[in-house]
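Step one of this worksheet: look at the structure below.
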Amino acid sequence: DEALQALGGDHVSFGYLTTTVTVWGEDRQAAAEKLRAVERIINGLGFTTIREGVNAVEAWLGSLPGHVYANVRQPLVHTLNLAHLMPLSSVWAGPATNEHLAKVTQTEAPPLFVAETSGSTPFRLSTHVEDVGHMLVVGPTG
68 DEALQALGGD
78 HVSFGYLTTT
88 VTVWGEDRQA
98 AAEKLRAVER
108 IINGLGFTTI
118 REGVNAVEAW
128 LGSLPGHVYA
138 NVRQPLVHTL
148 NLAHLMPLSS
158 VWAGPATNEH
168 LAKVTQTEAP
178 PLFVAETSGS
188 TPFRLSTHVE
198 DVGHMLVVGP
208 TG
């Protein structure tokens, strides 16, 4: 009843949501290892994973654009819930090349260094803004 009132007031919409992660590998064992890793990450974030067995072919077909009838897992979702699931931001990894050094040396120049963030995302540091590469590093030794 509350959902119908929200829909009638043009405050929200409802729609079907399908979220699919497809995993493959060189062989069954490699794919199974990747699958366990994906399940561990998704379950660790508080979501639920369903490993398809009997429905595997239909689930795979349902992951392809245009195959809307093959997927039987289509829960009805409120648009405010959908907004919470949308990836609206991502980690900035820095520039892949140092444009100033590439211009000066006339070869492809890598960033000054590449480090790993706490989320295991590579971070590339290039301090140059056009031809100015000033920086100050402050911190304890070691």
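The opening residue of the sequence shown carries number 68 in my numbering; numbering runs sequentially from there.
Each residue gets a CB set at the ideal place from its N, CA and C atoms; glycine is no exception.
Since the model is a prediction, treat every value here as computed from it, not as a measurement.
Inspect the beta-carbon positions of residue i and residue j and report whether they are closer than 7 Å.
i           : j           : result
residue 74  : residue 144 : no
residue 90  : residue 98  : yes
residue 146 : residue 80  : yes
residue 192 : residue 178 : yes
residue 130 : residue 87  : yes
residue 208 : residue 200 : no
Kindly indicate which three-state DSSP category residue i falls into: helix, strand or coil?
i           : result
residue 134 : coil
residue 145 : strand
residue 127 : helix
residue 172 : helix
residue 195 : coil
Which residues does DSSP list as the beta-bridge partners of residue i?
i           : result
residue 183 : 189
residue 200 : In DSSP, residue 200 forms no bridge with anything.
residue 82  : 144
As an exercise, report each continuous alpha helix (DSSP H) stretch of at least 4 residues that is fully enclosed by the region 87-120, in chain order. 95-111
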